[in-house]
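For the sequence shown, my numbering assigns the number 63 to the initial residue and increments by one for each residue that follows.
Below is one structure, written out as structure tokens; comments come after it.
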Amino acid sequence: MAGRFDPRPTRTTVRGGHVVVPGQARADRSGGLGGRTRRWVPPWPLDLGLVLGPLRRGPADPTFRTTPDGAVWRASLTPVGPGTLRVSVRAGVVEGEAWGPGAEWLLEQLPRMLGESDDPDAFEPRHRLVAVARHRRPGLRLTRTGLVLESLIPSVLEQKVTTDEAYRAWRLLVRKYGVPAPGPGPLVGRGGGMFVMPEPRVWALIPSWEWHRAGVDNKRASTILRVVRVARRMEEAVGFEAGRAQERLEVVAGVGPWTSAEVVQRSHGAADAVTVGDLHLPGIVGYALAGDRDADDAVMLSLLEPYAGQRHRAARLILLSGRTPARRQPRMPRGDIGRL
Numbered sequence: 063m064a065g066r067f068d069p070r071p072t073r074t075t076v077r078g079g080h081v082v083v084p085g086q087a088r089a090d091r092s093g094g095l096g097g098r099t100r101r102w103v104p105p106w107p108l109d110l111g112l113v114l115g116p117l118r119r120g121p122a123d124p125t126f127r128t129t130p131d132g133a134v135w136r137a138s139l140t141p142v143g144p145g146t147l148r149v150s151v152r153a154g155v156v157e158g159e160a161w162g163p164g165a166e167w168l169l170e171q172l173p174r175m176l177g178e179s180d181d182p183d184a185f186e187p188r189h190r191l192v193a194v195a196r197h198r199r200p201g202l203r204l205t206r207t208g209l210v211l212e213s214l215i216p217s218v219l220e221q222k223v224t225t226d227e228a229y230r231a232w233r234l235l236v237r238k239y240g241v242p243a244p245g246p247g248p249l250v251g252r253g254g255g256m257f258v259m260p261e262p263r264v265w266a267l268i269p270s271w272e273w274h275r276a277g278v279d280n281k282r283a284s285t286i287l288r289v290v291r292v293a294r295r296m297e298e299a300v301g302f303e304a305g306r307a308q309e310r311l312e313v314v315a316g317v318g319p320w321t322s323a324e325v326v327q328r329s330h331g332a333a334d335a336v337t338v339g340d341l342h343l344p345g346i347v348g349y350a351l352a353g354d355r356d357a358d359d360a361v362m363l364s365l366l367e368p369y370a371g372q373r374h375r376a377a378r379l380i381l382l383s384g385r386t387p388a389r390r391q392p393r394m395p396r397g398d399i400g401r402l
């Protein structure tokens with residue numbers, strides 16, 4: 063939906079909002095591009111922008127593209143190697159094409175990535191605003207990527223900084239230290255070709271001055287270095303239920319409840335993993351449900367209590383409703399330590 067029901071681009075809604083997929087209803091003109099293919103018919107309305115939107119880290123994310131033919135492209139580091147996935151929907155049929163060593167893994171994961179494991183029928187709206195948002199967004203399902211590091215590292219980069227700073231750091235580091243995505247790449251895209259994020263060992267070998275040039279302070283860089291040293295243990299969390307997975311992630315110093323929730327929302331499709339410690343979300347939820355723009359985490363959790371088990375879904379619907387308080391203070395200042 064367009065207009066007043068689109069969320070304002072705050073720090074939270076940018077991460078979890080709706081990516082516009084241009085011309086999704088148009089015919090797919092890509093032709094055979096030589097990759098492995100899979101067709102799948104979801105028994106529900108599917109909105110690629112809503113489902114996959116949380117996976118994009120800014121409009122120039124080198125691992126995520128949308129193209130004018132209505133397709134979404136993703137480049138991922140899978141358990142069996144790099145892979146590129148192209149997804150489109152035509153006449154209710156999902157068409158996936160993948161390239162690289164991770165192609166078969168990505169196609170096997172495709173239904174879960176598009177919400178097959180999600181159960182939106184378990185959600186019962188308790189507020190009119192939430193009910194209307196749900197009605198207007200029938201294609202909303204929670205993605206489940208089955209990958210931890212590809213959400214954990216960019217989430218660490220987003221700690222305590224503006225989205226512009228975090229997205230810039232992710233873009234620069236992935237382009238410099240990642241590998242070109244397998245396959246032909248999108249026919250149209252912003253910022254050039256696509257890249258697969260670096261392997262854990264490559265992250266560990268990034269020099270300190272390159273973190274600095276990317277605008278990443280020592281605290282966030284050190285957290286990422288600790289994460290990649292135990293990368294296998296982090297990825298094992300995919301096999302846990304969401305709460306236990308968060309506990310596993312939070313064993314690493316520098317990974318707290320905010321970061322772990324942001325990860326399992328994507329890796330596990332965790333419907334109840336509400337983000338606490340966010341700069342904007344408590345005020346948005348408080349304003350939408352109780353007219354309280356000064357709500358803190360405690361108030362937000364109290365307001366979301368009727369949605370226990372589905373609090374993340376409720377928060378996303380609130381964000382998608384467009385009912386957010388007017389800004390009354392300056393934006394968080396943007397810094398760039400790379401200029402120092």
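Here a beta-carbon is modelled for each residue, glycine too, at the ideal position from N, C-alpha and C.
In this model, Gly331 and Ser179 are separated by some 8 Å (Cα to Cα). Here Trp161 carries a strand assignment [DSSP, helix/strand/coil]. Contact between Gln372 and Phe185 is confirmed by a C-beta separation of about 5 Å, below the 8 Å threshold. Nearest in C-alpha terms to Arg206, of all of Arg230, Glu170, Thr224, is Glu170.
DSSP, reduced to helix, strand and coil, places Val336 outside both helices and strands of the structure shown, so it counts as coil. Going by DSSP, Gly143 is part of the beta strand (DSSP E) stretching over 143 to 152.
Within the same chain, and ignoring the five residues on either side of Leu110 in sequence, the residues whose Cβ sits closer than 7 Å to its Cβ are Val83, Gln86, Val134, Val149, Val151.
Looking at Asp334, Gly277, His80, Leu351, the one whose alpha-carbon comes closest to that of Gln221 is Gly277. Under the three-state reduction of DSSP, Ala357 is assigned to coil, being neither helix nor strand. Taking a contact as a CB-CB distance under 8 Å, the pair Pro124 and Arg233 counts as one, their CB atoms being some 6 Å apart.
Judged by DSSP in its simplified three-state form, Thr129 adopts coil rather than helix or strand. Beta-carbon to beta-carbon, Ala266 and Arg295 are separated by about 15 Å, too far to satisfy the 8 Å threshold.
Trp102: not part of any alpha helix (DSSP H); member of the beta strand (DSSP E) spanning 98 to 102, first to last residue.
In this model, Asp354 and Leu112 are separated by some 27 Å (Cα to Cα). Sequence-distant partners of Asp359 (beyond 5 residues in either direction) whose C-beta falls short of 7 Å from its own C-beta, in its chain, are Val338, Gly339, Pro344. Closest by C-alpha distance to Pro244, out of Val81, Met362, Leu147, is Leu147.
Closest option to Arg282, judged by alpha-carbon separation, among Gly247, Ala293, Gly384, Pro216: Pro216. In this structure, the beta-carbon distance from Pro163 to Gly177 does not fall below 8 Å. For Val134, the enclosing beta strand (DSSP E) starts and ends at 134 to 140. Checking the DSSP bridge columns, you'll see Phe185 has no partner listed. With fewer than 16 other beta carbons inside 10 angstroms of its own, Asp356 counts as exposed. Within its own chain, the residues whose Cβ lies closer than 6 Å to the Cβ of Pro262, once the five positions on either side in sequence are excluded, are Val290, Ala293, listed in chain order. Selection Ala137, Gly143, Pro141, Leu172 evaluated against Arg100 yields Leu172 as nearest (Cα-Cα).
Where Gly111 is concerned, the enclosing alpha helix (DSSP H) starts and stops at 110 to 114.
In the three-state DSSP reduction, Pro216 falls in the helix class (H, G or I).
Of all alpha-carbon atoms in Ala137, Pro387, Ala193, the one lying nearest the alpha-carbon of Arg237 is that of Ala137.
Taking each of Leu341, Glu303, Gly316 in turn and checking the Cα distance to Val223, the smallest one comes out for Leu341. Residue environment analysis places Ala299 among the buried positions, since at least 16 neighbouring C-beta atoms fall within 10 angstroms of its C-beta. The C-beta distance from His80 to Leu382 rounds to 7 Å, short enough to fall under 8 Å. For Arg196, the uninterrupted alpha helix (DSSP H) run begins and ends at 190 to 198, by DSSP.
Following the DSSP letters along the chain, one finds Arg263 inside the alpha helix (DSSP H) bounded by residues 262 to 266. Residue state for Val325 is assigned as helix, using DSSP reduced to three classes.
In the DSSP assignment, Gly348 falls within the unbroken alpha helix (DSSP H) covering 343 to 352. About 6 Å separates the CB atoms of Pro187 and Arg196; that is less than 8 Å, so the two are in contact.
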